[in-house]
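If you read the sequences in order, they're chains B and C. For the first sequence, our numbering begins at 12 and goes up steadily by one. For the second sequence, our numbering begins at 573 and goes up steadily by one. Note that beta-carbon positions come from the ideal geometry of N, C-alpha and C, so glycine has one too. No experiment lies behind these values; they were computed from the predicted model shown. Notes follow once the structure below has been shown.
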Amino acid sequence: TQLLEQSPQFLSIQEGENLTVYCNSSSVFSSLQWYRQEPGEGPVLLVTVVTGGEVKKLKRLTFQFGDARKDSSLHITAAQPGDTGLYLCAGARAQKLVFGQGTRLTINP
Amino acid sequence: ETGVTQTPRHLVMGMTNKKSLKCEQHLGHNAMYWYKQSAKKPLELMFVYNFKEQTENNSVPSRFSPECPNSSHLFLHLHTLQPEDSALYLCASSQVAGALGDTQYFGPGTRLTVL
């Protein structure tokens, strides 16, 4: 049973387009983290959201934590080729991080 | 550079070999983790150490043996592995495992191939 469902699993769009990645669960998390992972490297933290309804912005990236702390979204505005990578959401429960299966994003020039 | 280093970055071993993976964190954290990342599967937590004490063993086979001599170092000792154990093994650290808002920082991983 996959506790965190990410969608879409694959996304290929043109430079300049907007996109949204979703991370959904039936479980409540104390916090949620988004990571980006390049091939052959470990995940790099983008943001941690803690409060239900919280919105955080990181340049062209906007992260939102659902009011019930069960889901999250990542919105990228005017995507660039440098945004290409594997995006992972991870929910914190006790001492564990539960990871989604990831969204592989490709931005074409 | 996340402050978490792992060696070696790549390892090829036979099923009868014994090898060890090393992780070191320079962030002053108190918790360290081992994860396994296989193709087409989500990251799987293996072990958690909090203040040098193992607090989580996620039903990992005994052919994987962790060791945490202090809060800055974590090892994963490998013996009699199977080809299906081939994967990217990631180490992470955080301030205190389970604390509200606690954030994990990952190393670059060790790409393990078992022949």
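Checklist entry - With respect to the beta strand (DSSP E) encompassing K590/C, which residues constitute its N-terminal and C-terminal limits? => result Here the question's residue 590/C lines up with position 18 in the second sequence. Where K590/C is concerned, the enclosing beta strand (DSSP E) stretches over K590 to Q597.
Item to check | Cβ contact check for the segment 636-653 of chain C and the segment 580-595 of chain C: 3 or more pairs under 8 Å | outcome: yes
Checklist entry - P641/C lies in the beta strand (DSSP E); which residues open and close that run? => result The residue given as residue 641/C occupies position 69 in the second sequence. F636 to N642 is the extent of the beta strand (DSSP E) around P641/C.
Next on the checklist: What are the residues in the segment 612-634 of chain C lying within 9 Å of chain B by C-beta distance?
Outcome noted: K612, K613, P614, L615, E616, L617, V620, N622, T627, E628 and N630
Item to check | Beta carbon proximity, T574/C to chain A, threshold 8 Å | outcome: Here the protein chains are B and C, and chain A is not one of them.
Checklist entry - Can you give the beta carbon distance from T31/B to S84/B, rounded, assuming they're within the 8 Å contact cut? => result Position 20 of the first sequence, counting from 1, holds the residue named residue 31/B. Position 73 of the first sequence, counting from 1, holds the residue named residue 84/B. Contact holds; Cβ gap of about 6 Å.
Next on the checklist: Is there a Cβ of chain B sitting closer than 8 Å to that of T675/C, yes or no?
Outcome noted: Here the question's residue 675/C lines up with position 103 in the second sequence. Chain B, which has a Cβ nearer than 8 Å to the Cβ of T675/C, makes this yes.
Checklist entry - Could you give the C-beta distance for D82/B and N35/B, rounded to a whole number, given that I count them as a contact under 8 Å? => result Position 71 of the first sequence holds residue 82/B. Position 24 of the first sequence holds residue 35/B. About 5 Å separates the two Cβ atoms, so the contact holds.
Checklist entry - Skipping 5 residues on each side, what residues in its chain have a beta carbon closer than 8 Å to that of T10/B? => result Residue 10/B lies beyond the residue range present for chain B, which begins at 12 and ends at 120; the question has no answer from this structure.
Item to check | Check whether G51/B and A90/B have beta carbons under 8 Å apart | outcome: Taking the first sequence and counting its residues from 1, one reaches residue 51/B at position 40. Taking the first sequence and counting its residues from 1, one reaches residue 90/B at position 79. The answer is no: Cβ separation not under 8 Å.
Checklist entry - With 8 Å set as the bound, which would you pick, yes or no: does the beta-carbon of F110/B sit closer than that to a beta-carbon of chain C? => result In the first sequence, residue 110/B corresponds to position 99, counting from 1. Closer than 8 Å to some Cβ of chain C, the Cβ of F110/B qualifies, so yes.
Checklist entry - Under the three-state reduction of DSSP, which class applies to D674/C: helix, strand or coil? => result Numbered from its first residue, the second sequence carries residue 674/C at position 102. Note: D674/C maps to coil in three-state DSSP.
Next on the checklist: Taking 8 Å as the cut-off, does the segment 666-681 of chain C touch the segment 46-60 of chain B (at least 3 CB pairs, one atom from each stretch)?
Outcome noted: yes
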